[in-house]
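> Sharing a structure with you now.
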Amino acid sequence: MTMMTHEGYLAELEVDQDAGVIHGRVVNARAILTFEGEALAELQQAFAETIADYQDWCKERGVEPGKPYSGTLSLRIAPELHRRVAEKAAKAGESINQFIADRLEEVA
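Residue numbers (the numbering used here): 908 to 1015.
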């Protein structure tokens, strides 16, 4: 799937060959946000306008639009894996959080 970013917001793009347009859907906002365009420049402009409209809508209502990524990740793992990660983190002299963040950084 092709992706596009704007101000930290991430959108999935889908080509509709029959209609001759590209549809975009923001995947990391608290609202359903969509946009479309026939060419890349038009698509980028529509994405920017969609984000600006969303931010304006939130401001008018006194609502925080929410950051696309807060930096907090909740993860459920098996207890045995949790134990092994805790042991490896301790051996590395790191917290579990730092140990996992370092491993994710390696693969991202």
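Where a beta carbon is used, it is the ideal one built from N, C-alpha and C, also for glycine.
With distance defined between alpha-carbon atoms, name the residue in Glu1012, Ala948, Gln962 and Leu947 nearest to Gly915.
By 1-based counting over the sequence shown, the position of residue 915 is 8. Residue Gln962 is the option with its Cα nearest to Gly915.
> Please classify Val950 as buried or exposed, where buried requires at least 16 other C-beta atoms within 10 Å of its C-beta.
Here residue 950 corresponds to residue number 43 of the sequence shown, with the count starting at 1. According to the sequence as given, residue 950 is Leu; it is not Val. Buried, since its Cβ has 16 or more Cβ neighbours within 10 Å.
> Let me know the secondary structure DSSP gives Arg991 once reduced to three states.
Residue numbering aside, residue 991 sits at position 84 when the sequence shown is read from its first letter. Residue state, collapsed to three classes: helix.
> Helix, strand or coil for Asp925? Go by DSSP, reduced to three states.
As a working note, residue 925 is residue 18 in the sequence shown. Note: Asp925 maps to coil in three-state DSSP.
> Could you give the first and the last residue of the continuous alpha helix (DSSP H) run that contains Leu1011?
Looking up residue 1011 in the sequence shown gives position 104. It spans Ile1003 to Val1014 - the alpha helix (DSSP H) in which Leu1011 sits, taken as one unbroken run.
> Using a threshold of 8 Å, state whether the C-beta atoms of Glu943 and Val933 are closer than that.
Within the sequence shown, residue 943 is the residue found at index 36, counting from 1. Within the sequence shown, residue 933 is the residue found at index 26, counting from 1. No, the Cβ-Cβ distance between Glu943 and Val933 is not below 8 Å.
> Could you compute how far the alpha carbon of Met908 sits from the alpha carbon of Val922?
Taking the first residue of the sequence shown as position 1, residue 908 is located at position 1. Taking the first residue of the sequence shown as position 1, residue 922 is located at position 15. Met908 and Val922: Cα-Cα distance of roughly 10 Å.
> If we ignore side chains and look at the alpha-carbon of each, how far apart do Leu947 and Trp964 end up?
The residue labelled residue 947 in the question sits at position 40 within the sequence shown. The residue labelled residue 964 in the question sits at position 57 within the sequence shown. The straight-line gap from Cα to Cα measures roughly 25 Å.
> Exposed or buried, Thr870, counting other C-beta atoms within 10 Å across all chains shown (16 or more means buried)?
The chain is shown only over 908 to 1015; residue 870 falls outside these bounds and no answer can be derived.
> Could you check where the beta strand (DSSP E) with Glu945 kicks off and where it finishes?
Indexing the sequence shown from 1 puts residue 945 at position 38. Taken as a continuous stretch (DSSP letters only), Glu945 belongs to no beta strand (DSSP E), as it is neither H nor E.
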